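Visitor: Chain order of the listed sequences is B and S.
Throughout the first sequence, residue numbering follows our numbering, covering 1039 to 1203 in sequence.
Throughout the second sequence, residue numbering follows our numbering, covering 1039 to 1203 in sequence.
Using N, Cα and C, we set each Cβ at its ideal position, and we do this for glycine too.
It should be emphasised that the depicted structure is a prediction, and the values quoted were computed from it without experimental measurement.
There are 2 protein chains.
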Amino acid sequence: MSMAKTKNLCILLLRLLAFGVTLSAAIAMATTHEKVNIFMIEFEAKYSDSPAMKYFVIANALASVYGLLVPFVPSESVLGQLVLVMDLVFTMLLTSSTSAALAIAYVGKRGNSQAGWLPICSQVPKYCKHASGALAAGFIGTIIYMAIVLCSIHMALNPLLVQKA
Amino acid sequence: MSMAKTKNLCILLLRLLAFGVTLSAAIAMATTHEKVNIFMIEFEAKYSDSPAMKYFVIANALASVYGLLVPFVPSESVLGQLVLVMDLVFTMLLTSSTSAALAIAYVGKRGNSQAGWLPICSQVPKYCKHASGALAAGFIGTIIYMAIVLCSIHMALNPLLVQKA
Chain B
1039 MSMAKTKNLC ILLLRLLAFG VTLSAAIAMA TTHEKVNIFM IEFEAKYSDS PAMKYFVIAN
1099 ALASVYGLLV PFVPSESVLG QLVLVMDLVF TMLLTSSTSA ALAIAYVGKR GNSQAGWLPI
1159 CSQVPKYCKH ASGALAAGFI GTIIYMAIVL CSIHMALNPL LVQKA
Chain S
1039 MSMAKTKNLC ILLLRLLAFG VTLSAAIAMA TTHEKVNIFM IEFEAKYSDS PAMKYFVIAN
1099 ALASVYGLLV PFVPSESVLG QLVLVMDLVF TMLLTSSTSA ALAIAYVGKR GNSQAGWLPI
1159 CSQVPKYCKH ASGALAAGFI GTIIYMAIVL CSIHMALNPL LVQKA
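See below:
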């Protein structure tokens, strides 16, 4: 098997992995919720309480749909030439949404005493644990997309390698 | 002037612009502070209260140092071949830090009633206004870096264009 074919297979496997991870992240975050009673007031923690978490779910859902469709795009078509740019756009989207969600999750965990924001994880520990899992998956998904972009750029910069395939 | 030279000049101008914008973002965020008295308790809002804002200042400061140095890297050297990857890394860094800082700024502006986090911008309006300016600069810096990466990829994918220079 030629070098380029091995690389293409490698990217395909990375894409499948990225699809699984981003889908899990979206589902895990979207399904996490916990009901608690605090001073007789019922309180439900769910992802839609925070715009950052909503953004995280939407970005990961979009990335998983993209990850499912992109292996079927023929690489010689006009769309195929745009795949590197699309990969880049989705890497940015995942980076951005994971960072925003992590920033909010940090306030949820530690609070911010200067701003008077109290941590909420002591009240809703189950919610926080599940959300952390989703964030970890989102982080891994971002890293995999970065690897895909770096691989694609490496292949694009070495046209001889591609032509040998 | 050839097409490739025009493009190189275009990227150089984008880099200078990105340097100015990221430097302004870092300085604007780092120097913003406001002292207020709330119920006789002195309270000072500054960027170092929030890890996300610290990350924003550090990322923009690093990006401006990088933006200042990179035009002096000879494009034929080993370092020159890494410039596209470095551009990508700094684009990610800026995307990530701007998103995290925006997520926290949103809570500062609107609060989050479900989590019981009150907005702070009514107490420290001057701080919020300056921080918004810094965030806008950070956002523009991120967009410029994306444009630089897209330009560089376009040039890398069209080696004939580069060889004609």
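Determine the chain S residues that contact residue 1089 of chain B at a beta-carbon separation under 7 Å, and present them in chain order.
Guide: Locating residue 1089 of chain B in the first sequence gives position 51, where the first residue counts as 1. 1144, listed in chain order.
Visitor: Compare the C-beta of residue 1069 of chain B with all C-beta atoms of chain S and state if any pair is closer than 7 Å.
Guide: Locating residue 1069 of chain B in the first sequence gives position 31, where the first residue counts as 1. No, no contact with chain S.
Visitor: Roughly how many whole angstroms lie between the Cα atoms of residue 1047 of chain B and residue 1094 of chain B?
Guide: By 1-based counting over the first sequence, the position of residue 1047 of chain B is 9. By 1-based counting over the first sequence, the position of residue 1094 of chain B is 56. Whole-angstrom Cα-Cα distance: 29 Å.
Visitor: Go ahead and pull the three-state DSSP assignment for residue 1097 of chain S.
Guide: One-based indexing of the second sequence puts residue 1097 of chain S at position 59. Residue state, collapsed to three classes: helix.
Visitor: Mapping the DSSP letters down to three states, classify residue 1123 of chain B as helix, strand or coil.
Guide: Residue numbering aside, residue 1123 of chain B sits at position 85 when the first sequence is read from its first letter. Reduced to three states, the DSSP call for residue 1123 of chain B is helix.
Visitor: Starting from residue 1083 of chain S, trace the beta strand (DSSP E) in both directions and tell me its first and last residue.
Guide: Here residue 1083 of chain S is taken as the residue at index 45 of the second sequence, counted from 1. Residue 1083 of chain S -> beta strand (DSSP E) spans 1079–1084.
Visitor: What do you reckon, is the C-beta of residue 1100 of chain S under 6 Å from a heavy atom of the ligand MG?
Guide: As presented, the structure is devoid of all ligands, the ligand MG included, so that no description of it is given.
Visitor: Check for me: the alpha helix (DSSP H) holding residue 1187 of chain S runs from which residue to which?
Guide: Taking the first residue of the second sequence as 1, we reach residue 1187 of chain S at position 149. First-last of the alpha helix (DSSP H) with residue 1187 of chain S: 1163–1195.
Visitor: With residue 1074 of chain B as the anchor, note down where its beta strand (DSSP E) starts and where it stops.
Guide: As a first step, residue 1074 of chain B is located in the first sequence; it is residue number 36 there, counting from the start. 1071–1076 is the extent of the beta strand (DSSP E) around residue 1074 of chain B.
Visitor: Can you find a CB in chain B that lies within less than 7 Å of the CB of residue 1076 of chain S?
Guide: Start at 1 with the first residue of the second sequence, and residue 1076 of chain S comes out as number 38. By this cut-off, residue 1076 of chain S is not an interface position.
Visitor: With a threshold of 16 other CB atoms inside 10 Å of the CB of residue 1107 of chain S, please say whether the residue is buried or exposed.
Guide: Stepping through the second sequence from its first residue, residue 1107 of chain S is reached at position 69. So residue 1107 of chain S ends up on the exposed side.
Visitor: When Cβ atoms are compared, which residues of the region 1165–1178 of chain B fall closer than 7 Å to chain S?
Guide: Listed by position, the residues of the region 1165–1178 of chain B near chain S (Cβ gap below 7 Å) amount to none.
Visitor: When the distance is taken between beta carbons, is residue 1086 of chain B closer than 7 Å to residue 1060 of chain B?
Guide: Along the first sequence, one-based indexing puts residue 1060 of chain B at 22. Along the first sequence, one-based indexing puts residue 1086 of chain B at 48. No, these two residues do not count as a Cβ contact at 7 Å.
Visitor: Which residues does DSSP pair with residue 1046 of chain B in a beta bridge?
Guide: As a working mapping, residue 1046 of chain B is identified with position 8 in the first sequence. Beta-bridge pairing links residue 1046 of chain B to no other residue.
Visitor: Is the distance from the Cβ of residue 1117 of chain S to the Cβ of residue 1111 of chain S below 7 Å?
Guide: Start at 1 with the first residue of the second sequence, and residue 1117 of chain S comes out as number 79. Start at 1 with the first residue of the second sequence, and residue 1111 of chain S comes out as number 73. It is a contact, given that the beta carbons lie within the stated cut-off.
Visitor: With distances taken from CA atoms, which of B:1070, B:1065, B:1191 is nearest residue 1100 of chain B?
Guide: Reading the first sequence from its first residue, position 62 is the one you call residue 1100 of chain B. Measuring from the Cα of residue 1100 of chain B, the nearest candidate turns out to be B:1065.
Visitor: Closer than 7 Å, CB to CB, is residue 1066 of chain B near chain S or not?
Guide: On the first sequence, position 28 is the one that residue 1066 of chain B refers to. Residue 1066 of chain B does not count as touching chain S.
Visitor: Are residue 1105 of chain S and residue 1177 of chain S touching if we call contact CB-CB under 7 Å?
Guide: Numbered from its first residue, the second sequence carries residue 1105 of chain S at position 67. Numbered from its first residue, the second sequence carries residue 1177 of chain S at position 139. No, the pair does not count as a contact, with Cβ atoms beyond the cut-off.
Visitor: Is the CB of residue 1134 of chain S under 7 Å away from at least one CB in chain B?
Guide: The sequence position of residue 1134 of chain S within the second sequence is 96, counting from 1. For residue 1134 of chain S, the answer is yes, since a Cβ of chain B falls inside 7 Å of its Cβ.
Visitor: Going by alpha carbons, who is nearest to residue 1082 of chain B out of B:1089, B:1073, B:1088, B:1185?
Guide: Here residue 1082 of chain B is taken as the residue at index 44 of the first sequence, counted from 1. The candidate whose alpha carbon is nearest that of residue 1082 of chain B is B:1073.
Visitor: Taking only beta-carbon positions, decide if residue 1200 of chain S is within less than 7 Å of chain B.
Guide: If you number the second sequence from 1, residue 1200 of chain S lands on position 162. Confidence in residue 1200 of chain S is poor, its pLDDT being 48 and thus under 50, which makes the residue's placement unreliable; the coordinate value appears in the next sentence. Not an interface residue.
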